[in-house]
Amino acid sequence: MTKKKLLSSPPKLNHLSWFFCKMFTNFLLLLCLLVYLQFNPQHHNRFPHDPSFSSSYENFQGTPKIAFLFLARHRLPLDFLWDNFFRVCVSLSFSSHLISSGSWLLHFLSFEHYVSDIFCGLQNADADKFSVHVHSEPGFVLNETTTDSEFFHGRQLNKSVQVVWGEPTMIEAEKLLLEAALHDPANQRFVLLSDSCVPLYDFSYTYSYIMSSPKSFVDSFVDESTGRYDPDMSATIPRSKWRKGSQWVTLVRKHAELVVNDNFVYPIFKKYCKMNEVEHEVERRTLTYTLWDSSPAKDWRQMWHPVTFNQPDAAPQKIKEIKGINHVHYESGHRTEWCRVANIYSSCFLFARKFSQGAALRLLNDGALGFHDPEAALPA
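In the working numbering, the protein residues as written are 1 to 380.
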């Protein structure tokens, strides 16, 4: 009997063939479905969310921070100026309170600078309103030997890339800055800055300006040049949708998450690019002023390069002119962007570039920026 069981006849051949044929057909259908979802833009989730980022955004309660994200080549040549910006936000807000309340102490002693010096030496009372992150070359460390500002000590990214101008590594570095800042749920606004940027106003005004707007600030205008658009992209990026703009953006947390979590647009940027229906959540302008050199050049990479302000150029009148700009006209798009924050007309720019070290020193010494800590370290 045992031998008969062991030698029992196998299933009929046609049953096995039908079974494997059915399995193979189901496998092919599943494979086709996966391929369709992967490459069809209407069904592909181009901006998957990191649950940890999203939950921290939705559930956060407390004082919101601005994350200042510096994209640097090596050192921060204007660290002394930003040190004043972060440091005197305490003294300026304190002395402004005294003035607004008509304090007899300030009027009687007339020593606003003395009061400022005392409170600048204390722990920064507004430290819970900002954070600092720096992307520099791999291996570079910000410490007492590389920067005189304590606000930058240890603020370099642990993970960085070697950035090459005009290459995708620039985008990768910016994404790394955003990713690092997103790990702090208190960071609700993200300001991308270059190592040659200067703030035009004190911290209190800058904080109020940025936080009062529920929108991101992303410069966008029609690019009429022919050298940057590749016709091979037309199937996915029509020429009519192609835009150019400053890279110095200011993002709300939701949009910072979109950038960091994107695994579709960035890898195939030259083949696909869309805004994913967030146009109504973006101000089509930047908060960083740049003076562009439009002189002719043989190489398109040298065209429209930002002008550097040196010491003779950094006059208080120039800063006043920049602060007085309240609209931007885009000739290529035939539109004028009037600058508003929370539906209130305002100055367009909070920051400006590119400033040399000598120009930054003059701005501080002339009082053009409205903040200066006389006890802060300055470059020799």
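Every residue gets a Cβ at the ideal spot worked out from N, C-alpha and C, and that includes glycine.
When the five nearest sequence neighbours on each side are left out, the beta carbons in the same chain lying within less than 6 angstroms of the beta carbon of F309 are those of F355 and A359, in order along the chain. Exposed is the label assigned to V164, since fewer than 16 other Cβ atoms lie within 10 Å of its Cβ. Short of 6 angstroms from the beta carbon of V161, and not among the five residues preceding or following it, lie these beta carbons of its own chain, in chain order: T169, E172 and A173. In this structure, DSSP gives L69 an extended state, which the three-state scheme calls strand. Residues of the same chain with a CB within less than 8 angstroms of the CB of S246, apart from the 5 flanking positions on each side, are D219, T286, T288 and T290 in chain order. Residue pairing by DSSP places W338 opposite H327 in a beta bridge. V132 places its beta carbon 9 angstroms or farther from that of F80. Contiguous beta strand (DSSP E) elements confined to the stretch 162-220 occur at 187-194, taking only those with 3 or more residues. About 6 angstroms separates the beta carbon of F217 from that of V249, a gap short enough to meet the 8 angstroms contact definition. Going by C-alpha positions, P199 is about 6 angstroms away from L350. Going by DSSP, L251 is part of the beta strand (DSSP E) stretching over T250 to V252. Q156 sits in a strand when the DSSP states are folded into three classes. Secondary structure at D79: helix, using DSSP grouped into helix, strand and coil. F60 and H183 have their C-alpha atoms spaced approximately 12 angstroms apart. Taken atom to atom, the span from the alpha-carbon of W82 to that of D148 is near 11 angstroms. For A352, the enclosing beta strand (DSSP E) has its first and last residue at F351 to R353. In the three-state DSSP reduction, E283 falls in the strand class (E or B). DSSP lists no beta-bridge partner residue for K129. DSSP, read as helix, strand or coil, puts D313 in helix.
N187 has its alpha-carbon roughly 9 angstroms from the corresponding atom of K129. Around the Cβ of T336, a 10 Å sphere holds fewer than 16 other Cβ atoms; the residue is exposed.
Judged by their CB atoms, A72 and S240 are not nearer to each other than the 9 angstroms cut-off.
In this structure R353 touches S196 by the C-beta definition: roughly 5 angstroms separates them, less than 8 angstroms.
Counted as a single uninterrupted DSSP element, the beta strand (DSSP E) harbouring T290 occupies residues T288 to T290. In the displayed model, P306 falls within a strand according to three-state DSSP.
H135 sits in a strand when the DSSP states are folded into three classes. Each residue's CA atom was taken as its position, placing V282 and K215 some 5 angstroms apart.
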